[in-house]
Each structure stands twice: as structure tokens, then as C-alpha cells.
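Novice: Numbering that gives the first Met the number 0 puts the first residue of the sequence shown at 0, with every later residue one more than the last. Note that the Cβ used here is the ideal one computed from N, Cα and C, for glycine as well. Since the structure is predicted, the reported quantities are computational estimates derived from the model, not experimental observations.
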Amino acid sequence: MTIAEERIERLASLAREAAAECHDRRAREYVRLARRLAERNRVSLPEQFKRFSCNDCDSYLRPGKNARVRLQEGHVVLTCDCGAQKRHPYE
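1) Which partner residues of T78 appear in the DSSP bridge assignment?
2) If you follow the alpha helix (DSSP H) that S12 is part of, which residue opens it and which one closes it?
3) Considering only C-alpha positions, which residue in the set L36, Q47, A33 is nearest to H87?
4) Could you tell me the alpha carbon to alpha carbon distance between P62 and A37, rounded to whole angstroms?
5) Would you say A152 and A18 are within 7 Å of each other, going by their C-beta atoms?
6) Alpha carbon to alpha carbon, how far is S12 from E20? Give it in angstroms, no decimals.
7) Please classify C79 as buried or exposed, where buried requires at least 16 neighbouring CB atoms within 10 angstroms.
8) Looking at C53 and A14, is the spacing between their C-beta atoms short of 7 Å?
9) Indicate the three-state DSSP secondary structure (helix, strand or coil) for Y29 in the structure shown.
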């Protein structure tokens, strides 16, 4: 594991903790830093981190707090407060 990947994992956990404590601005900043670090070092973000971060406003999604979760035919739809939607298939 490279230094960049370790730092991205640490930023992901910090974003999760900050979102749990209702520090939305801090969580958003951690998400932005992790994305920028991944882009500069050509490293992919962890799957769990991609799933729970909004691509439009960079907020860390917390279902029930700042994200709506709906089940549709064959997939789960996560809708952020900004209106962006993410679809994840399930079986």
C-alpha cells in the first residue's frame, strides 16, 4: 500500500467520523482532499468511500440525515440533499 492510499483511507475514516458528529463542512473538506489526492497519484478511491460520497457537492452521505435511500427495481438509489443521485445494483 502506497503512502497516498494510506492517506486516502485515513481521510475516509476522518470524513466518516466527522459526518457522524454532524461536522458537515469538515467531512466535506476531507472528501475533497481524498479525491484530489487520488487524482494526483492516480489511485482509485475505496469502494465504500465512493458509495457514500456525493460527486456533485462532495458531502459524505449519511442515509437518513443528508441522503434519502429508496429501493427500485434491481437497485438502491441514494439521493443527496443537493439532488444528485447514485444507483447501486443489488440482487
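Specialist: Looking at the coordinates:
1) Residue pairing from DSSP places T78 in a beta bridge opposite R67, Q84.
2) First-last of the alpha helix (DSSP H) with S12: 2-19.
3) Out of L36, Q47, A33, Q47 has the C-alpha closest to the C-alpha of H87.
4) Between the C-alpha atoms of P62 and A37 there is a straight-line separation of about 25 Å.
5) It is not possible to answer for residue 152, since the shown part of the chain is limited to 0 through 90.
6) If you take the alpha carbons of E20 and S12, they lie about 12 Å apart.
7) C79 is buried by the Cβ-count criterion.
8) When the beta-carbon positions are compared, A14 and C53 stay at least 7 Å from each other.
9) DSSP places Y29 within a helical segment (H, G or I) once states are collapsed to three.
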